Amino acid sequence: MKTKKIFISAGETSGDIHGSNLITQLYKKNPSIEIYGLGRSRMVEAGLHCIHDMSSRSVMWLQTLKKVPELWDIFSDCKRFFDEEKPELVILIDYAGFNFYLAKAAKKRGIPVMYYISPQLWAHGPWRVKKLKKLVDKMVVIYPFEEAFFANEGIPVRHVGHPLFDELNARSIDEDFVEKMKDGKNKTVVSLLPGSRKQEIRRLLPILLKAANVIHKNIPSVKFLLSCSNIRNLEIIDSITKSYTSANNNKNLSIEIVTEKISEVIKASSLCISSSGTIVLEIAFYHVPMVICYRISPFSYFIAKPFMNTPYISLVN
Numbered sequence: 015m016k017t018k019k020i021f022i023s024a025g026e027t028s029g030d031i032h033g034s035n036l037i038t039q040l041y042k043k044n045p046s047i048e049i050y051g052l053g054r055s056r057m058v059e060a061g062l063h064c065i066h067d068m069s070s071r072s073v074m075w076l077q078t079l080k081k082v083p084e085l086w087d088i089f090s091d092c093k094r095f096f097d098e099e100k101p102e103l104v105i106l107i108d109y110a111g112f113n114f115y116l117a118k119a120a121k122k123r124g125i126p127v128m129y130y131i132s133p134q135l136w137a138h139g140p141w142r143v144k145k146l147k148k149l150v151d152k153m154v155v156i157y158p159f160e161e162a163f164f165a166n167e168g169i170p171v172r173h174v175g176h177p178l179f180d181e182l183n184a185r186s187i188d189e190d191f192v193e194k195m196k197d198g199k200n201k202t203v204v205s206l207l208p209g210s211r212k213q214e215i216r217r218l219l220p221i222l223l224k225a226a227n228v229i230h231k232n233i234p235s236v237k238f239l240l241s242c243s244n245i246r247n248l249e250i251i252d253s254i255t256k257s258y259t260s261a262n263n264n265k266n267l268s269i270e271i272v273t274e275k276i277s278e279v280i281k282a283s284s285l286c287i288s289s290s291g292t293i294v295l296e297i298a299f300y301h302v303p304m305v306i307c308y309r310i311s312p313f314s315y316f317i318a319k320p321f322m323n324t325p326y327i328s329l330v331n
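The sequence shown begins at 15 in the numbering used here and counts up by one.
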């Protein structure tokens, strides 16, 4: 009997987390299937036969031009896989710019396409729904309002809830580490969360550090934690932090960089100053007050502003 093959594509850090959980459940349902695709370390650990590691390919859409040759090679390898291995199903996780091309390539070859965690077309580029309708056989969405949004366009859709909350409910928290970060119950802890992409860290972290400096001058007793969600970003985070404190001659501003223990950092916090994105849902899950911010280049803002369909940058709003 022919072994069933499934192809999964996830390009972002959050997609890698959700993809790994999906892979785990698929293997539980059918241990004999083979799952191939694009992902990162979490998906590989869950059992993905990785065609390309996407760890260094996470870019904002206006920065994609720099990565075109690299992404084209990956796309060509995926098409070759479709032709040679003929998977029974292609599952796409967010990452719209690249995954739309994969969807088109799969449909051209008669391979069913399911989009799990849809691109946020309701927020930007709603006209692309017409294109999406031609590319997918089924949408599996995580926000309740998305079900009506896609159903109104005649796209088969099912709402399954946000997988982040399943993971957070099951996640084991190092409570001793949380207490250590608090330095006592009466300590005010402000955490800085600059995001997971290098380009957003470069743009946003200096602003977060400036905010920390203002808070420190007014409330010197506040303890600051700086979250590094991916060990790959530690060098750039450490460099920007040292450069800022040195340039501002502020040796009294103490900021502790914490690698990967992001849930513990959030839970230890009295306040989080964070980039926008999925992380705001995790902050909300732990009932921690937050200030959400983001920064893009003037050119990116000029190009993107006409396409925005919502006044909010925070998923919580």
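Virtual Cβ for every residue (Gly too), placed ideally from N, Cα, C. Quantities reported herein were computed from a predicted structural model and do not represent experimental measurements.
Annotation: the region 110-169 contains the following complete segments of the alpha helix (DSSP H) (minimum length 4 residues), in chain order: 110-122, 143-149, 158-165. Proximity of the region 253-265 to the region 214-224 meets the contact definition, three or more beta-carbon pairs being nearer than 8 angstroms. Straight across, the Cα-Cα distance linking D197 with N266 is about 18 angstroms. Per the coordinates, the alpha-carbon of S290 lies some 18 angstroms from the alpha-carbon of P312. The alpha helix (DSSP H) runs lying completely inside the region 279-307 and spanning 4 residues or more are 293-299, given in chain order.
L206 is positioned such that its CB atom lies closer than 7 angstroms to that of I287.
According to the DSSP secondary-structure assignment, L207 is paired through a beta bridge with S288. For I293, the CB contacts under 7 angstroms within the same chain, skipping 5 residues up- and downstream, are L207 in chain order.
Under the DSSP assignment, G53 falls in the beta strand (DSSP E) whose first and last residues are 48-53.
Nearest to A117 by alpha-carbon distance, out of K152, E99, E270, is K152. Between the beta-carbon of P126 and that of H32 there is about 20 angstroms, and that puts the pair past the 8 angstroms contact cut. In the three-state reduction of the DSSP assignment, V330 falls in the coil class. If you check the CB distance, M57 and S34 come in under 7 angstroms.
The beta-carbon distance between M68 and L103, rounded to whole angstroms, is 19 angstroms. This is too long to meet the 8 angstroms contact definition. Listed in chain order, the non-local C-beta contacts of R123 below 6 angstroms within the same chain comprise F96, local neighbours out to five positions each way being set aside. Linking F191 to D91 through their CA atoms gives a straight-line distance of about 43 angstroms. Setting aside the 5 residues that flank it on each side, F112 is surrounded in the same chain by G25, L85, each with a C-beta closer than 7 angstroms to its C-beta; the list follows chain order. Between the C-alpha atoms of P83 and F89 there is a straight-line separation of about 10 angstroms. Rounded to whole angstroms, the separation of the alpha carbons of L239 and M304 is 14 angstroms.
Between V154 and F164, the beta carbon gap of about 10 angstroms keeps them out of contact (Cβ cut-off 8 angstroms). For T255, no beta strand (DSSP E) run applies; the uninterrupted alpha helix (DSSP H) run containing it begins and ends at 248-261, by DSSP. Following the DSSP letters along the chain, one finds T273 inside the beta strand (DSSP E) bounded by residues 269-273. When beta bridges are read from the DSSP output, F238 appears opposite V204, I269. The C-beta distance from T202 to I233 rounds to 7 angstroms, short enough to fall under 8 angstroms. Beta-bridge partners of L103 (DSSP): I20. Taking 7 angstroms as the cut-off, the beta carbon of C307 is found no closer than this to the beta carbon of T273.
Comparing alpha-carbon positions, the option among P45, Y130, A282, V236 lying closest to V150 turns out to be Y130. Cβ neighbours of T17 within its own chain (closer than 8 angstroms, five residues either side excluded): S46, I47, E48. Comparing alpha carbon positions, the residue from G168, W136, R142 closest to P158 is W136.
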